[in-house]
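Structure first, commentary second.
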Amino acid sequence: MMLFCASVLGSPMRLSPSDEAAAFKAAGFSLKGKKWQACDDPTPTYTPGAIEAVRDFNGDGQPEAIITEGGTYCYGNTGAGYSLVSKQANGSWKLITKGTGMLTILTTKGVDGWPDIEIGGPGFCFPVQRWNGRDYVLERQQYEGKPCRRK
-15 MMLFCASVLG SPMRLSPSDE AAAFKAAGFS LKGKKWQACD DPTPTYTPGA IEAVRDFNGD
45 GQPEAIITEG GTYCYGNTGA GYSLVSKQAN GSWKLITKGT GMLTILTTKG VDGWPDIEIG
105 GPGFCFPVQR WNGRDYVLER QQYEGKPCRR K
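Quick note: the sequence shown, position 71, residue 55 per our numbering, numbers continuous.
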């Protein structure tokens, strides 16, 4: 479900069980049985929450985690949702951004070393968002690294 540019990943990290639970909770997930869910999708296409990657994406020495969830009931034709959460210096976890689509970490960067993110989905022209110090905001549209315009 996820795609990543290897040049910005660095070494993979693992979260402790308590950090994993805190990351899911920061992303708005609840533990239901043994599965983390943010969406109450009753369909057979549903895929519960999963931590797809743990890395220090912004170079601050603290881990970030990309959490995914799937299903057309909550995420429409794209069938995928993502959350990017970050461990703070005080040990808490914070939601940085979330949305519908498939997250790709890019090599270009915004404020404070946060990588640009491409949000994939149906079609051939995808939004690229850049961190401005408070939020990820639309920076450009691209397809396979080349500028494009959505119609």
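Where a beta carbon is used, it is the ideal one built from N, C-alpha and C, also for glycine.
Cβ-based neighbour list, residue i, same chain, cut-off 7 Å, excluding 5 preceding and 5 following
{"i": "E123", "result": "D100, V112, Q113 and R114"}
Residues bridged to residue i [DSSP beta-bridge criterion]
{"i": "V95", "result": "BP columns for V95 are empty, so no partner."}
{"i": "L(-1)", "result": "For L(-1), which the question treats as bridged, DSSP gives no partner whatsoever."}
{"i": "T31", "result": "G54"}
Inter-residue spacing [alpha-carbon to alpha-carbon] between residue i and residue j
{"i": "G55", "j": "T27", "result": "8 Å"}
{"i": "C139", "j": "S14", "result": "The first residue shown for the chain is -15 and the last is 135, placing residue 139 beyond what the model contains."}
{"i": "A11", "j": "G97", "result": "21 Å"}
{"i": "D24", "j": "A6", "result": "20 Å"}
{"i": "L68", "j": "S0", "result": "17 Å"}
{"i": "E128", "j": "K78", "result": "30 Å"}
Local Cβ density within 10 Å of residue i, reported as buried at 16 or more and exposed below that
{"i": "F121", "result": "A small correction: the amino acid at residue 121 is Val; Phe does not occupy that position in the sequence shown. Exposed."}
{"i": "S143", "result": "Lying before the first or after the last residue shown, residue 143 is absent from the chain, which here runs from -15 to 135."}
{"i": "F108", "result": "exposed"}
{"i": "V38", "result": "buried"}
Nonlocal neighbours in the same chain, by C-beta distance under 8 Å from residue i, ignoring five residues either side
{"i": "Q46", "result": "D40, S70, K71, Q72 and A73"}
{"i": "M(-3)", "result": "V38, R39, D40 and P47"}
Given residue i as reference, the closest of the options once Cα atoms are compared
{"i": "Y30", "options": "E36, W20, A37 and V38", "result": "W20"}
{"i": "A34", "options": "F8, T81, E48 and D44", "result": "F8"}
{"i": "S76", "options": "G60, Q126 and A49", "result": "A49"}
Contacts around residue i, its chain only, beta-carbon distance under 6 Å, and the 5 residues preceding and following it disregarded
{"i": "N61", "result": "P106"}
{"i": "Y66", "result": "T52 and L87"}
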